[in-house]
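Residues 197 to 740 (this note's numbering) make up the sequence shown, in order. Working notes, structure below.
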Amino acid sequence: MNKQQKQSSSEIIKRDYPYQYFGAHVQQNRTSFRVYAPNATGVYLMREANGWNPKAEPMTQNEDGDWEIFIQEDLTWSEYKYYIENHHDYLDQPYEMARIDPFSPQLAVTWGLGDNRNFNSVVCDPNHFQWTHKHLERGHEPMSIYEMHLSTFHDGNYRDIAHKIVEHVGYLGFTHVQIMPPFQTPIHSSWGYLVGCPYAIYERHGTVDDFKYLVNHCHAHGIGVIVDVPLGFGIQDWDCGLANYDGTDLYHHCGARGWNNQWKTRIYNVGDTYVQNYLAGLCTYLHYELGIDGARIDAVASQIFFDYDRGFWDWPRNDREAVEAENWELFNSLGGDRYFEEFGYWLSEAMDFAGLRFLRDFHARLQHIAPNFFTIAEESRRIFPRLACPVAEGGLGFTYAQNMGEMHRIRTYLQIPVADRKIEHIEILIHNNSPEKMVNAMNTHDECANGKIRLITELGSHIPLIGLAALCWFRPGAPMIFQGDEFGEEGYFDVFQGLNWSKTGSSAALHEQQITNNFYDLNWHLTHEPALARHEISSMIRNG
197 MNKQQKQSSS EIIKRDYPYQ YFGAHVQQNR TSFRVYAPNA TGVYLMREAN GWNPKAEPMT
257 QNEDGDWEIF IQEDLTWSEY KYYIENHHDY LDQPYEMARI DPFSPQLAVT WGLGDNRNFN
317 SVVCDPNHFQ WTHKHLERGH EPMSIYEMHL STFHDGNYRD IAHKIVEHVG YLGFTHVQIM
377 PPFQTPIHSS WGYLVGCPYA IYERHGTVDD FKYLVNHCHA HGIGVIVDVP LGFGIQDWDC
437 GLANYDGTDL YHHCGARGWN NQWKTRIYNV GDTYVQNYLA GLCTYLHYEL GIDGARIDAV
497 ASQIFFDYDR GFWDWPRNDR EAVEAENWEL FNSLGGDRYF EEFGYWLSEA MDFAGLRFLR
557 DFHARLQHIA PNFFTIAEES RRIFPRLACP VAEGGLGFTY AQNMGEMHRI RTYLQIPVAD
617 RKIEHIEILI HNNSPEKMVN AMNTHDECAN GKIRLITELG SHIPLIGLAA LCWFRPGAPM
677 IFQGDEFGEE GYFDVFQGLN WSKTGSSAAL HEQQITNNFY DLNWHLTHEP ALARHEISSM
737 IRNG
């Protein structure tokens, strides 16, 4: 292979599989470390062998501008950090900071008193775990989804949780589990959504190999695994996050555009090529290295609308006259412009066109390099009717759209006294002719927390819960519930309180058994009735 061929191969890996190029990698008895920090004036490797001396092992910049160092040892399971300097004059003061590796599959964490904590990256062996069922042997349809939060679902590490999933979720016949973000976070109360290092599995439940065991065990019993991915934002913390990584906003937008003040998070700069590769590579990594079948992309609205959760006019406004033709073409293919009388601005003025292009290109890339990986758009506004349509047909390429608005309408409908209900109120849901495939969430974590209560507590009886489940299963789309709905868990979702498993098995009350048996029956029909398995409106019209 000549120099030009090597360069071309390297560029493809950096674009589509960046985790294979950056980070720490062991080959025979040599360990390479490579990090992207283009604005740094110096980068050093810190590790136990050099006494965590910030300046002991300087890294060098290669011809691509990336910092690297090669250690003639097998350093598997060793801990390390990068010490990054930026002494450029444009900074008010010199920047020197020890940082984690952005491509760490695993972090070693030491928790002290108060805010005292330490995060180190870990050199991992991606081939150490022996897969037997890395991917589902069947396709992802038919699909019924059980959304879960690992810590509150079951105690123990990932391996213990894996067995409980198969025992409980597998018995009920759910085809997939959807795991709330299993990535490293310093803030457990965030439910996993305030992610520090997106490539690192949350150490609270074990190692990356333990997590692979969970995926493998689920697949061995016919259960697919979906993970919730916050693709648009990350935490502002420096010790386990990516903010101000090389002394500049390397991963995030600069200024006000780079902040979500309500969530206290940093917004990824998806207009930057490296950041695009980093985020798209995350899903490639999840699929090929961790065996994940699909991703629910969280808070899509925050990625494509400037005005989402940022206050009235607390966002940059587009000049409609200056919008480029390429952006208008994409925008119009999704549904086009409209004027919001109540707010006094056009939709196009509030669009993050870079976010739209990124999601379109992201899905075009996935279709090429990971065609079996599917995505679900969690987009609460539902302004565009073609988010979950193929890129070739003018959509953004999501496989499914999560139907948040309709879930709210159905729950409102159930509050109406039975005598006053009209079939017309929900008939439009049953005969929905949307070109998109939908995920019909009967409930989600958001709908039973932050002041909201669980379904059975809200409805006051298990009878409407059974009827609601039937509606979700017997209409076009993939049904989904949140953990605990299947046995009538009451109250609200609390990240520090586990499920009440006394409501299952021989100790369950009669109405709890009825709810559980109902979901078992619904899932049986889903997997045995071809019309239900297709998840689309045409399959529900027998004579059409």
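All C-beta atoms, glycine included, are put in the ideal place defined by N, C-alpha and C.
In the DSSP assignment, find the unbroken alpha helix (DSSP H) run with P290 in it and report its ends.
-> Walking along the sequence shown from the start, residue 290 turns up at place 94. Counting along the chain, P290 falls outside any alpha helix (DSSP H), and DSSP gives it neither H nor E.
With a CB to CB cut of under 6 Å and the five nearest residues on each side skipped, what residues in its chain are close to I733?
-> Counting from 1 along the sequence shown, the entry for residue 733 is found at position 537. Any reading at I733 must be qualified, since the residue scores a pLDDT of 48, below 50, and its modelled position is unreliable; the value itself is stated next. Once the five neighbours on either side are set aside, the close Cβ partners of I733 are N629 and P672.
Near L555, what residues of its chain come up, given a Cβ to Cβ distance below 6 Å and the 5 sequence neighbours on each side ignored?
-> Within the sequence shown, residue 555 is the residue found at index 359, counting from 1. Cβ within range, chain order: L592.
Starting from C393, follow the beta strand (DSSP E) in both directions and report where the run begins and ends.
-> Here residue 393 refers to the residue found at position 197 of the sequence shown. Counting along the chain, the beta strand (DSSP E) containing C393 begins and ends at C393 to I397.
Nearest to V404 by CA position, among L475, F692, A304 and A452, is which residue?
-> As a first step, residue 404 must be located in the sequence shown, where it is residue number 208. Nearest C-alpha to V404: A304.
Just checking, does the region 467-481 make contact with the region 204-221 on the three C-beta pairs under 8 Å criterion?
-> yes
Taking one C-beta from the region 627-647 and one from the region 667-683 each time, how about it: are there three or more such pairs within less than 8 Å?
-> yes
8 Å CB neighbourhood of R617 in its chain, flanking five on each side removed = Sequence index remark: in the sequence shown, residue 617 carries index 421 (1-based). Only Y609 meet the Cβ criterion.
Please name the residue or residues paired with P675 in a DSSP beta bridge.
-> Here residue 675 is taken as the residue at index 479 of the sequence shown, counted from 1. According to DSSP, which records beta bridges pairwise, P675 is partnered with N636.
DSSP state of Q709, grouped into three classes?
-> Stepping through the sequence shown from its first residue, residue 709 is reached at position 513. Reduced to three states, the DSSP call for Q709 is helix.
Could you tell me whether the Cβ atoms of V423 and A491 are closer together than 7 Å?
-> Taking the first residue of the sequence shown as position 1, residue 423 is located at position 227. Taking the first residue of the sequence shown as position 1, residue 491 is located at position 295. Against a cut-off of 7 Å, the Cβ pair of A491 and V423 comes out as a contact.
For A495, I'd like the list of residues in its chain whose CB is within less than 7 Å of its CB, leaving aside the five on either flank, ordered along the chain.
-> As a working mapping, residue 495 is identified with position 299 in the sequence shown. Only P426, G428 and E574 meet the Cβ criterion.
What residues are listed by DSSP as bridge partners for Q598?
-> Along the sequence shown, one-based indexing puts residue 598 at 402. Answer is E574 and V635, bridged to Q598.
Apart from the five residues just before and just after V239, which ones in its own chain have a Cβ nearer than 6 Å to its Cβ?
-> Residue 239 sits at position 43 when you count from the first residue of the sequence shown. Excluding positions up to five away in sequence, the list reads A233, M255, W263, Y278 and I280.
Have a look at G656, T306, E643 and N258 and flag the residue whose alpha-carbon is nearest the alpha-carbon of C436.
-> As a working mapping, residue 436 is identified with position 240 in the sequence shown. Ranking G656, T306, E643 and N258 by Cα distance to C436 puts T306 first.
So which of D690, F692, A476 and R650 has the shortest CA-CA distance to F683?
-> Residue mapping note: residue 683 aligns to position 487 of the sequence shown, counting from 1. Checking every option, the nearest Cα to that of F683 belongs to R650.
H221 lies in the alpha helix (DSSP H); which residues open and close that run?
-> Your numbering for residue 221 matches position 25 in the sequence shown. Not the alpha helix (DSSP H): H221 falls in the beta strand (DSSP E), residues G219 to Q223.
Return helix, strand or coil for F670, following the three-state DSSP convention.
-> In the sequence shown, residue 670 corresponds to position 474, counting from 1. Looking at F670 - three-state DSSP - the assignment turns out to be coil, as it is neither helix nor strand.
Any non-hydrogen atom of the ligand GTP closer than 6 Å to D690 Cβ | As for the ligand GTP, it is missing from this structure, which has no ligand bound.
Does the pairing of the region 549-567 with the region 520-537 give three or more beta-carbon distances under 8 Å?
-> yes
By Cβ distance below 6 Å, which residues in the same chain neighbour A597 in space, the five residues on each side in sequence not counted?
-> The residue labelled residue 597 in the question sits at position 401 within the sequence shown. If we look at A597 and ignore the five residues flanking it on each side, its Cβ neighbours are A573, L583, A584, E632 and M634.
Simplified DSSP state of L475, which is helix, strand or coil = Taking the first residue of the sequence shown as 1, we reach residue 475 at position 279. L475: helix per DSSP, three-state reduction.
Burial state of Q679 (16 or more Cβ within 10 Å) = On the sequence shown, position 483 is the one that residue 679 refers to. The residue in question, Q679, is buried, as its Cβ has 16 or more Cβ neighbours within 10 Å.
Integer-rounded CB distance, given that Y276 should sit under 8 Å from M242 = Against the sequence shown, residue 242 aligns to sequence position 46. Against the sequence shown, residue 276 aligns to sequence position 80. Between Y276 and M242 the Cβ distance is about 6 Å, and since that is below 8 Å, they are a contact.
Between D489 and G420, is the Cβ-Cβ spacing less than 7 Å?
-> Locating residue 489 in the sequence shown gives position 293, counting from the first residue. Locating residue 420 in the sequence shown gives position 224, counting from the first residue. Yes. Within cutoff.
What whole-angstrom Cβ distance do I606 and L664 have, given they're in contact under 8 Å?
-> The sequence position of residue 606 within the sequence shown is 410, counting from 1. The sequence position of residue 664 within the sequence shown is 468, counting from 1. Between L664 and I606 the Cβ distance is about 7 Å, and since that is below 8 Å, they are a contact.
Leaving aside the five residues before and after K330 along the sequence, list all residues of the same chain whose C-beta is less than 6 Å from its C-beta, in chain order.
-> Numbered from 1 along the sequence shown, position 134 holds the residue referred to as residue 330. Hits under 6 Å: G487.
Rounded to whole angstroms, what's the CA-CA distance from K210 to G467? Just pull it up for me.
-> The residue labelled residue 210 in the question sits at position 14 within the sequence shown. The residue labelled residue 467 in the question sits at position 271 within the sequence shown. The straight-line gap from Cα to Cα measures roughly 17 Å.
Can you give the Cα-Cα distance for N316 and I296, rounded to whole angstroms?
-> As a working mapping, residue 316 is identified with position 120 in the sequence shown. As a working mapping, residue 296 is identified with position 100 in the sequence shown. If you take the alpha carbons of N316 and I296, they lie about 6 Å apart.
Given a cut-off of 7 Å, decide if C393 and S300 are closer than it, judged by their beta-carbon atoms.
-> Numbered from its first residue, the sequence shown carries residue 300 at position 104. Numbered from its first residue, the sequence shown carries residue 393 at position 197. Contact: yes.
Nonlocal neighbours in the same chain, by C-beta distance under 7 Å from I619, ignoring five residues either side | Against the sequence shown, residue 619 aligns to sequence position 423. If we look at I619 and ignore the five residues flanking it on each side, it has no Cβ neighbours.
Measure from the alpha carbon of G694 to the alpha carbon of each residue in L667, P567, T348 and A566, then state which is nearest.
-> As a first step, residue 694 is located in the sequence shown; it is residue number 498 there, counting from the start. Here the closest residue by C-alpha is T348.
Could you say which of Y447, H417, G418 and G443 lies nearest to I431 if we only look at CA atoms?
-> The residue labelled residue 431 in the question sits at position 235 within the sequence shown. Closest by alpha carbon: Y447.
Could you check what DSSP says for Q563 in three-state terms: helix, strand or coil?
-> What you label residue 563 is simply residue 367 of the sequence shown in a count that begins at 1. Q563 falls in the helix class under three-state DSSP.
Whether I463 touches G454 by CB criterion (7 Å) = Here residue 463 is taken as the residue at index 267 of the sequence shown, counted from 1. Here residue 454 is taken as the residue at index 258 of the sequence shown, counted from 1. Against a cut-off of 7 Å, the Cβ pair of G454 and I463 comes out as a contact.
Please classify E623: is it buried, with 16 or more other beta-carbons within 10 angstroms of its beta-carbon, or exposed?
-> In the sequence shown, residue 623 corresponds to position 427, counting from 1. Its Cβ having fewer than 16 others within 10 Å, E623 is exposed.
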